[in-house]
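Trainee:
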Amino acid sequence: MVVHLFAGEGVLENLHVADGQVTFAIADFPALETVGGIVAGRPAGFPTPLLITRLAAGNGPDAVGAINAICTHLGCTVLPGAGSLLCPCHGSIFDLAGGFLRGPAGTGLFRYTAGFDGTTVTISTALR
Ligand code: FES
């Protein structure tokens, strides 16, 4: 399941940066309860648009990805695809962890530090 919130300003309503991080209950974004789910948008005050992805079942730092949606090619906003992340400008493709799959971008997307404790997702404004 993909929740696409880039329409308009793409701001994720009710999410905002406090003390250098964004925290939300996963129940507020049910797409993230299933591996492969994606939520796209930008929490208020966050430095870039985000692609928040469910990477694995269970808890921990690798269960959820927080991907900087700015393409490493020429800076377009990368969008959710079916099982991947797609740049609409020149066709680069990335996996759900932001890893490089196909160019013209030559590298993967940057990723923020994220964690999941089984209830709450925490995303730092610091890159991992
Ligand atoms: S800006 Fe993303 S592929 Fe060119």
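Residue numbers (this note's numbering): -13 to 114. Where is the CB? At the ideal position from N, CA and C, for every residue including glycine.
Rounded C-beta distance between I53 and T39? I'm assuming under 8 angstroms.
Mentor: Sequence index remark: in the sequence shown, residue 53 carries index 67 (1-based). Sequence index remark: in the sequence shown, residue 39 carries index 53 (1-based). Indeed, because the Cβ distance is near 6 angstroms, the residues count as touching under 8 angstroms.
Trainee: With 16 as the cutoff for other CB atoms within 10 Å, does E(-5) come out buried or exposed?
Mentor: To locate residue -5, count along the sequence shown from 1; it is residue 9. Unreliable positioning characterises E(-5) in this predicted model, as indicated by a pLDDT of 47, which lies under 50. A coordinate reading is not provided.
Trainee: For A11, which three-state DSSP category applies?
Mentor: Walking along the sequence shown from the start, residue 11 turns up at place 25. A11: strand per DSSP, three-state reduction.
Trainee: Please identify the residue among G101, L(-2) and G104 whose C-alpha is closest to the C-alpha of F32.
Mentor: The sequence position of residue 32 within the sequence shown is 46, counting from 1. Among G101, L(-2) and G104, the Cα nearest to that of F32 is on L(-2).
Trainee: Are there 16 or more other CB atoms within 10 angstroms of the CB of R28, so buried, or fewer, so exposed?
Mentor: Counting from 1 along the sequence shown, the entry for residue 28 is found at position 42. By the neighbour-count rule (16 or more Cβ atoms within 10 Å), R28 is buried.
Trainee: Taking the alpha-carbon of R114 as reference, which of T105, I79 and G84 has the nearest alpha-carbon?
Mentor: As a position in the sequence shown, residue 114 is number 128, starting the count at 1. Nearest of T105, I79 and G84 to R114, Cα basis: G84.
Trainee: If we require 3 or more residues per run, which beta strand (DSSP E) segments fall completely within the stretch 36 to 61?
Mentor: Taken in chain order, the whole beta strand (DSSP E) runs of length 3 or more contained in the stretch 36 to 61 are 36 to 40 and 50 to 54.
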